[in-house]
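What follows is a single structure, written as structure tokens, with notes after it.
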């Protein structure tokens, strides 16, 4: 009851700031595709009026703070509402990390819960692929944003991003191309190493040849 | 060379060579930008000289203070505490000196825009009841990350509700990213004149989207609703996949409009630093994308994003009190050089 009253008072106190999100949770997802795995970063920023409800879901021992174990348990629970498909095959998203802000920051509507997920190792072959991500976690009214991060590998080219109107679903069309990922310096350094060894061998054998008449 | 030429006859040639060398050095050194930084550092030193020791300690943070560097927000200061000196706590002479630093770091148009945003917050304060969050021109904070210098890197932070100016200066380099400009209300009246702090951004964007052909619009206009900034506060170091219509598809008039729109953010910093930045952006305009989400009728609330290899601008308005786009957030970033990481080599 005290918490509810506190929440109501907090909302009343910042009512003139109503341009900012108070009674919704902003859920921003970033999807990063690599040839060996797909990862998702989910940032949850609850507004001041719904922060206590989110906090209550995570703070299971009711001690007023979210421990590391509670953060991880919360992250695993949220993952049940996330989905990822690669070329029509469902790929479970495992929790990689979870970080909760201080309860005070969360209650003031300024804290962001950061959750990181990834698929198990995979191999995206050369060719066209489709990655579909869905976020159906909505214990409180939510606003969604979903975006693909620029792949770190040059061999991956995101051709298009399609989303539903709420952005709770993101559908990526991408190409994996051959060779673009190989760095120029790798074959170049091998060539230089071979050249260097060859030069050394030539100088040594040349030196022996030049020195032999005197010997 | 004739060894018999008398020494005094060699002097003019020596002077000409020295002058040529000096001109070459001056041209390479980008003197206007260096002078702008020296001028800003001078204004900052003058401001710091008006402070007592405790104020000076609160105002200047170590250059490697990454937490302070990232301590900025769009939210009211009562919700997110800012460090530095609160303008409302300064004496009039100190306050004027602080504003002179801001004026030296920013262009004339940039300073006017920042002032209009601060005054919008003052209008919000006047319209708010008791017990409301801290709004108004007293609730903005000034701080430095690093000691102001003409040659060594330092950063000016000036911010509060709906404003985060993060200007990193390093000799001939002036970098304004990441900077957040926003406003509520979108328009207010001062001395009988209607002020729209982000009016130009809004009007140029609608002019650009309405200049697009049906084929261009089908690329530029995205289906989903964007109700917030994607790369707002706390989203440093991320590069998203660009979307919309690409610069290569725009005609000369549309490109001019796009550059005018970009200049509303890139031109906030002093002219000497803005000029090379705008040239850099223009040189990559073919790789720059313009995306839109929402209605295209002028006056409505619509999100847009401009993204290039060294640029991200986002504009996210909200309907408030029945007025479309009465509460606007916008973000200006350089994914390759936020906080001037390139020139300072951090």
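Residue numbers (the working numbering), protein chains in the order written: chain A, -16 to 198; chain B, 683 to 1028.
Idealized CB from N, CA, C, for every residue including glycine.
* Asked: For the 8 Å Cβ check, are there 3 or more pairs between the stretch 868 to 886 of chain B and the stretch 1005 to 1014 of chain B?
  -> Yes, the stretch 868 to 886 of chain B is in contact with the stretch 1005 to 1014 of chain B.
Beta-carbon of residue 922 (chain B) versus every beta-carbon of chain A: anything under 7 Å?
-> Numbered from its first residue, the second chain carries residue 922 (chain B) at position 240. So, interface residue.
For residue 949 (chain B), is the classification buried or exposed, using 16 other Cβ atoms within 10 angstroms of its Cβ as the cut-off for buried? Translated into the one-based positions of the second chain, residue 949 (chain B) becomes position 267. When all chains shown are included, residue 949 (chain B) counts as buried.
- Residue span of the beta strand (DSSP E) that contains residue 94 (chain A), given as start and end: Here residue 94 (chain A) corresponds to residue number 111 of the first chain, with the count starting at 1. Here residue 94 (chain A) belongs to no beta strand (DSSP E), and DSSP marks it neither H nor E.
Residues of the stretch 894 to 912 of chain B whose Cβ lies closer than 9 Å to any Cβ of chain A, in chain order:
For the stretch 894 to 912 of chain B, the residues whose beta carbon sits under 9 Å from a beta carbon of chain A are, in order, 904, 905, 906, 907, 908, 909, 910, 911 and 912.
Item to complete: Specify, as a first and last residue, the run of the beta strand (DSSP E) that residue 1013 (chain B) falls within.
Response: Within the second chain, the letter at position 331 stands for residue 1013 (chain B). Segment 1005 to 1015, the beta strand (DSSP E) holding residue 1013 (chain B).
Fill in: Sub-7 Å separation of residue 188 (chain A) and residue 159 (chain A) beta-carbons
Sequence index remark: in the first chain, residue 188 (chain A) carries index 205 (1-based). Sequence index remark: in the first chain, residue 159 (chain A) carries index 176 (1-based). No, these two residues do not count as a Cβ contact at 7 Å.
Extent of the continuous alpha helix (DSSP H) run through residue 1001 (chain B) = Counted from its first residue, the second chain places residue 1001 (chain B) at position 319. Going by DSSP, residue 1001 (chain B) is part of no alpha helix (DSSP H) but of the beta strand (DSSP E) stretching over 993 to 1002.
ask   = When you compare only the Cα positions, how much space is there between residue 1024 (chain B) and residue 958 (chain B)?
value = Here residue 1024 (chain B) refers to the residue found at position 342 when the second chain is read from its first residue. Here residue 958 (chain B) refers to the residue found at position 276 when the second chain is read from its first residue. For residue 1024 (chain B) and residue 958 (chain B), the distance between alpha carbons rounds to 14 Å.
### Three-state secondary structure assigned by DSSP to residue 875 (chain B)
In the second chain, the residue the question calls residue 875 (chain B) occupies position 193. Shown here, residue 875 (chain B) sits in a strand according to DSSP, grouped into three states.
For residue 898 (chain B), which three-state DSSP category applies?
-> Here the question's residue 898 (chain B) lines up with position 216 in the second chain. Looking at residue 898 (chain B) - three-state DSSP - the assignment turns out to be helix.
According to DSSP, is residue 144 (chain A) helix, strand or coil?
-> Looking up residue 144 (chain A) in the first chain gives position 161. It is a strand residue.
- Item | According to DSSP, residues forming a beta bridge with residue 870 (chain B) | Taking the first residue of the second chain as position 1, residue 870 (chain B) is located at position 188. The bridge partners DSSP lists for residue 870 (chain B) are B:877.
* Asked: With which residues is residue 38 (chain A) paired in a DSSP beta bridge?
  -> Here residue 38 (chain A) refers to the residue found at position 55 of the first chain. Paired residues: none, contrary to the question.
Exercise. Could you give the DSSP three-state label for residue 150 (chain A): helix, strand or coil?
Key: Numbered from its first residue, the first chain carries residue 150 (chain A) at position 167. The three-state secondary structure of residue 150 (chain A), taken from DSSP, is coil.
Can residue 62 (chain A) and residue 119 (chain A) be called in contact, C-beta distance under 7 Å?
As a first step, residue 62 (chain A) must be located in the first chain, where it is residue number 79. As a first step, residue 119 (chain A) must be located in the first chain, where it is residue number 136. Not closer than 7 Å, so no.
Task: Pairwise C-alpha distance: residue 929 (chain B) and residue 969 (chain B) - done: Locating residue 969 (chain B) in the second chain gives position 287, counting from the first residue. Locating residue 929 (chain B) in the second chain gives position 247, counting from the first residue. Note on geometry: alpha-carbon atoms of residue 969 (chain B) and residue 929 (chain B) lie some 6 Å from one another.
* Going by the CB atoms, is the gap between residue 92 (chain A) and residue 30 (chain A) shorter than 7 Å? -> Working through the first chain from its first residue, we reach residue 30 (chain A) at position 47. Working through the first chain from its first residue, we reach residue 92 (chain A) at position 109. Yes, they are a contact pair.
* Min CB distance residue 800 (chain B) to chain A below 7 Å -> Stepping through the second chain from its first residue, residue 800 (chain B) is reached at position 118. Contact of residue 800 (chain B) with chain A is not assigned, every C-beta pair being separated by 7 Å or more.
_Interface positions of the stretch 131 to 142 of chain A facing chain B (Cβ-Cβ less than 7 Å), listed along the chain_ = Of all residues in the stretch 131 to 142 of chain A, only 131, 132, 133 and 141 come within less than 7 Å of chain B when Cβ atoms are compared, listed by chain position.
Report task. Kindly list, in the order they appear in chain B, the residues whose Cβ is closer than 7 Å to that of residue 95 (chain A). Result -> For the purposes of this step, residue 95 (chain A) is taken as the residue at position 112 of the first chain. Chain B residues near residue 95 (chain A): 916.
Q. Are residue 725 (chain B) and residue 782 (chain B) closer than 7 Å when you measure CB to CB?
A. Against the second chain, residue 725 (chain B) aligns to sequence position 43. Against the second chain, residue 782 (chain B) aligns to sequence position 100. Their beta carbons are under 7 Å apart, which means residue 725 (chain B) touches residue 782 (chain B) by this criterion.
message = By the DSSP assignment, the alpha helix (DSSP H) with residue 947 (chain B) in it spans what residues?
response = As a first step, residue 947 (chain B) is located in the second chain; it is residue number 265 there, counting from the start. Unbroken alpha helix (DSSP H) run through residue 947 (chain B): 934 to 948.
**Request:** Measure the alpha-carbon distance for residue 156 (chain A) versus residue 748 (chain B) and round it to whole angstroms.
**Result:** Indexing the first chain from 1 puts residue 156 (chain A) at position 173. Indexing the second chain from 1 puts residue 748 (chain B) at position 66. Residue 156 (chain A) and residue 748 (chain B) have their C-alpha atoms roughly 37 Å apart.
- Query: Where do the ends of the beta strand (DSSP E) carrying residue 987 (chain B) lie?
  - Reply: Working through the second chain from its first residue, we reach residue 987 (chain B) at position 305. Note, residue 987 (chain B): beta strand (DSSP E), 985 to 990.
Legend entry - Beta carbon proximity, residue 38 (chain A) to chain B, threshold 7 Å: As a first step, residue 38 (chain A) must be located in the first chain, where it is residue number 55. Chain B, which has no Cβ nearer than 7 Å to the Cβ of residue 38 (chain A), makes this no.
Practice problem: Name the two residues that bound the continuous alpha helix (DSSP H) containing residue 57 (chain A). | Solution: Translated into positions along the first chain, residue 57 (chain A) becomes position 74. 51 to 62 is the extent of the alpha helix (DSSP H) around residue 57 (chain A).
*From this set, B:997, B:910, B:917 and B:919, which residue's C-alpha is nearest residue 125 (chain A)'s C-alpha?*
Position 142 of the first chain, counting from 1, holds the residue named residue 125 (chain A). The shortest Cα separation from residue 125 (chain A) among B:997, B:910, B:917 and B:919 belongs to B:910.
- Under the three-state DSSP convention, the category residue 713 (chain B) falls into: Here residue 713 (chain B) refers to the residue found at position 31 of the second chain. The DSSP-derived three-state label of residue 713 (chain B) is helix.
(Q) Does the CB of residue 69 (chain A) have a neighbour CB from chain B at under 7 Å? (A) The residue given as residue 69 (chain A) occupies position 86 in the first chain. No, residue 69 (chain A) does not count as interfacial toward chain B.
Alpha-carbon to alpha-carbon, residue 824 (chain B) and residue 779 (chain B): Position 97 of the second chain, counting from 1, holds the residue named residue 779 (chain B). Position 142 of the second chain, counting from 1, holds the residue named residue 824 (chain B). When rounded, the distance between both Cα atoms is 11 Å.
>> Among A:69, A:96 and A:46, whose alpha-carbon lies nearest the alpha-carbon of residue 105 (chain A)?
In response: By 1-based counting over the first chain, the position of residue 105 (chain A) is 122. Nearest option by C-alpha distance: A:69.
Considering Cα atoms alone, identify which of B:933, B:1011, B:811 and B:756 is closest to residue 983 (chain B).
Taking the second chain and counting its residues from 1, one reaches residue 983 (chain B) at position 301. Closest by alpha carbon: B:1011.
Tell me whether residue 1020 (chain B) is buried or exposed, calling it buried when 16 or more other Cβ atoms sit within 10 Å of its Cβ.
Residue 1020 (chain B) sits at position 338 when you count from the first residue of the second chain. Residue environment analysis places residue 1020 (chain B) among the buried positions, since at least 16 neighbouring C-beta atoms fall within 10 angstroms of its C-beta.
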